[in-house]
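Notes follow once the structure below has been shown.
Protein chains: 4
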Amino acid sequence: MPHTIHDKKKIMTRIRRIKGQVEALEKVLDQEVECIEILQQIAAIRGAANGLMVEVLDGHIREHLGVDDLTTEQRQLEVEQVVGILKSYLK
Amino acid sequence: MPHTIHDKKKIMTRIRRIKGQVEALEKVLDQEVECIEILQQIAAIRGAANGLMVEVLDGHIREHLGVDDLTTEQRQLEVEQVVGILKSYLK
Amino acid sequence: MPHTIHDKKKIMTRIRRIKGQVEALEKVLDQEVECIEILQQIAAIRGAANGLMVEVLDGHIREHLGVDDLTTEQRQLEVEQVVGILKSYLK
Amino acid sequence: MPHTIHDKKKIMTRIRRIKGQVEALEKVLDQEVECIEILQQIAAIRGAANGLMVEVLDGHIREHLGVDDLTTEQRQLEVEQVVGILKSYLK
């Protein structure tokens with residue numbers, strides 16, 4: 001999916017950070033911490049997921065809709081995919 | 092902006108519906124209604140704004156990125172604009 | 183709903199600002215402006231609706247759950263209402 | 274934080290499900306899958322984080338604001354915490 005090694009590293013770093021946040025949340029739940037801390041950690045995970053989505057969508061639009069050498073059919077297919085994911089995500 | 096008369100009518104209908112919702116909220120605030128009703132009306136306005144965004148973005152991506160006859164420079168400019176609006180909207 | 187004159191004025195100001203934004207969007211749609219400008223105006227309306235929701239919710243929680251002199255039944259009813267609106271809004 | 278064993282199990286199940294989704298995303302990134310599949314998985318993780326937030330917030334409001342035996346000061350502190358987390362989350 002990420003179209004360059006560089007992109008892939010950036011995205012993998014974001015994914016691993018989210019994984020670390022989720023694992024930290026798992027541990028915290030076992031300890032008697034303040035609820036607010038748990039609520040803040042969940043908000044951070046959602047924020048990180050949003051950030052990951054924007055980064056991957058950015059790369060996807062550039063790679064798939066920003067290129068000249070597509071047939072009309074290919075371009076329409078790419079448009080449908082991007083519009084489809086946006087509709088479900090923005091709902 | 093909407094590239095066809097048909098699109099423009101659809102979008103104008105959505106805008107006027109939101110305007111009606113906001114005007115209704117204005118009136119309701121003057122009457123002693125249940126708070127929950129006001130909170131629900133605000134949630135509906137936000138939902139309608141989301142729906143309007145998806146509709147306009149859909150048309151924009153089709154009209155500006157779904158066309159073949161763009162120069163490389165034009166296409167890059169269109170990509171930057173779409174990615175830019177998504178970044179601020181998904182933040 | 184807003185429980186003080188002061189609150190009501192603040193909320194009414196926000197509602198009228200949103201109304202102004204929607205009316206501006208209505209006008210802009212009739213003029214041949216850049217799509218991006220319309221997308222940005224819609225994003226601003228959604229942001230304003232979010233801001234209005236937070237303000238009204240803030241006042242509602244303070245007035246309805248921040249008071250001591252409720253019966254157990256009244257308090258449970260208030261909790262159900264707040265949790266209900268949050269569930270639909272955060273969905 | 275979760276105030277009953279039952280709640281804690283429910284929340285831990287959600288957290289582990291999100292962890293599984295993130296780990297699956299990590300693996301998928303290494304394979305040459307369709308971008309849309311990755312975008313859909315990210316959208317699912319954000320949705321799951323939203324669901325987790327609603328569940329924890331629901332329990333928190335019930336446990337901390339739905340109880341009668343709080344002093345005025347305690348109740349104000351609880352209100353401030355809930356309103357604070359909502360402001361940052363709904364922003």
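Heads up: the sequence lines are chains A, B, C and D, in that order.
Heads up, the first sequence is in this note's numbering, so the first residue is 1 and it goes up one at a time.
Heads up, the second sequence is in this note's numbering, so the first residue is 92 and it goes up one at a time.
Heads up, the third sequence is in this note's numbering, so the first residue is 183 and it goes up one at a time.
Heads up, the fourth sequence is in this note's numbering, so the first residue is 274 and it goes up one at a time.
Beta carbons: idealized from backbone N, C-alpha and C, even for Gly.
Nothing here was measured: the structure is a model prediction, and the numbers come from that model.
At least three beta-carbon pairs within less than 8 Å, the segment 49-63 of chain A to the segment 166-174 of chain B: yes
Contact set between the segment 43-62 of chain A and chain D, restricted to residues whose Cβ is under 7 Å from the partner: A43, I45, R46, A49, N50, L52, M53, V56, L57, H60
C-alpha distance - S270/C paired with I133/B, whole-angstrom precision: Along the third sequence, one-based indexing puts residue 270/C at 88. Along the second sequence, one-based indexing puts residue 133/B at 42. Straight-line Cα distance between these residues: approximately 12 Å.
Closer than 7 Å at the beta carbon, the chain F residues around Q81/A: Absence of chain F from the displayed structure is noted, the protein chains being A, B, C and D.
Per-residue burial, A297/D [other beta carbons within 10 Å of its own, 16 or more giving buried]: As a working mapping, residue 297/D is identified with position 24 in the fourth sequence. Exposed is the call here.
Beta-carbon neighbours of K190/C, restricted to chain B and to distances below 8 Å: As a working mapping, residue 190/C is identified with position 8 in the third sequence. By Cβ distance, chain B contributes L120.
When K99/B, I127/B, E164/B are compared against C217/C, the one with the closest alpha-carbon: Within the third sequence, numbered from 1, the residue matching residue 217/C stands at position 35. The shortest C-alpha separation from C217/C is found at K99/B.
Closer than 9 Å at the beta carbon, the chain C residues around G293/D: Numbered from 1 along the fourth sequence, position 20 holds the residue referred to as residue 293/D. Residues of chain C passing the Cβ test: none, with the nearest at roughly 22 Å.
Buried or exposed by the 16-neighbour rule on C-beta atoms within 10 Å, applied to R289/D: Locating residue 289/D in the fourth sequence gives position 16, where the first residue counts as 1. Classification for R289/D: exposed.
Interface partners of L156/B on chain C, CB under 7 Å: Along the second sequence, one-based indexing puts residue 156/B at 65. By Cβ distance, chain C contributes nothing, its closest Cβ being about 11 Å from L156/B, past 7 Å.
Spatial distance of V54/A from I129/B (CA atoms): The residue labelled residue 54/A in the question sits at position 54 within the first sequence. The residue labelled residue 129/B in the question sits at position 38 within the second sequence. The straight-line gap from Cα to Cα measures roughly 32 Å.
Chain B residues whose Cβ lies nearer than 8 Å to that of Q222/C: The residue you call residue 222/C lines up with position 40 of the third sequence. Per Cβ cutoff of 8 Å: I176, S179.
Secondary structure, alpha helix (DSSP H): runs of 4+ residues fully inside the segment 22-73 of chain A: 35-65
Residues near I18/A by beta carbon distance below 8 Å, same chain, minus five either side: Residue 18/A sits at position 18 when you count from the first residue of the first sequence. I45, A48, A49, L52, listed in sequence order.
Closest Cα partner of E30/A within the set D342/D, I284/D, D331/D: Here residue 30/A refers to the residue found at position 30 of the first sequence. Checking the sequence, you will find Asp at residue 30/A rather than Glu. Per the Cα distances, I284/D.
Partner residues on chain C for T345/D, Cβ-Cβ distance less than 7 Å: Taking the fourth sequence and counting its residues from 1, one reaches residue 345/D at position 72. Within 7 Å Cβ-Cβ: D250.
Neighbour flag for L25/A against chain D, beta carbons, 8 Å: For the purposes of this step, residue 25/A is taken as the residue at position 25 of the first sequence. It does: the Cβ of L25/A has a partner Cβ on chain D nearer than 8 Å.
C-beta contact flag for L268/C and L343/D at 8 Å: As a working mapping, residue 268/C is identified with position 86 in the third sequence. As a working mapping, residue 343/D is identified with position 70 in the fourth sequence. Result no, Cβ atoms of L268/C and L343/D do not sit closer than 8 Å.
Inter-residue Cα distance where the pair is R257/C and R196/C: Residue 257/C sits at position 75 when you count from the first residue of the third sequence. Residue 196/C sits at position 14 when you count from the first residue of the third sequence. Cα to Cα, the separation comes out at about 29 Å.
Chain D within 8 Å of R196/C, Cβ atoms only: Indexing the third sequence from 1 puts residue 196/C at position 14. No, R196/C lies away from the interface with chain D (no Cβ there is under 8 Å from its Cβ).
Chain D contact residues for R257/C, given Cβ-Cβ distances below 7 Å: Translated into the one-based positions of the third sequence, residue 257/C becomes position 75. Result: G339, D341.
Exposure label - G293/D; buried when at least 16 CB within 10 Å: Walking along the fourth sequence from the start, residue 293/D turns up at place 20. Its Cβ having fewer than 16 others within 10 Å, G293/D is exposed.
Exposure label - V124/B; buried when at least 16 CB within 10 Å: As a position in the second sequence, residue 124/B is number 33, starting the count at 1. Exposed.
Contact belief for V22/A with V295/D at Cβ below 8 Å, rounded distance in angstroms: In the first sequence, counting from the first residue as 1, residue 22/A sits at position 22. In the fourth sequence, counting from the first residue as 1, residue 295/D sits at position 22. Right, the Cβ-Cβ distance comes to about 6 Å (below 8 Å), so this counts as a contact.
Rounded separation between G248/C and E255/C - CA only: Numbered from its first residue, the third sequence carries residue 248/C at position 66. Numbered from its first residue, the third sequence carries residue 255/C at position 73. Answer to the nearest angstrom: the Cα atoms are 15 Å apart.
Minimum C-alpha distance to L90/A - residue among H279/D, E299/D, Q313/D: Here residue 90/A refers to the residue found at position 90 when the first sequence is read from its first residue. Considering only alpha carbons, the answer is Q313/D.
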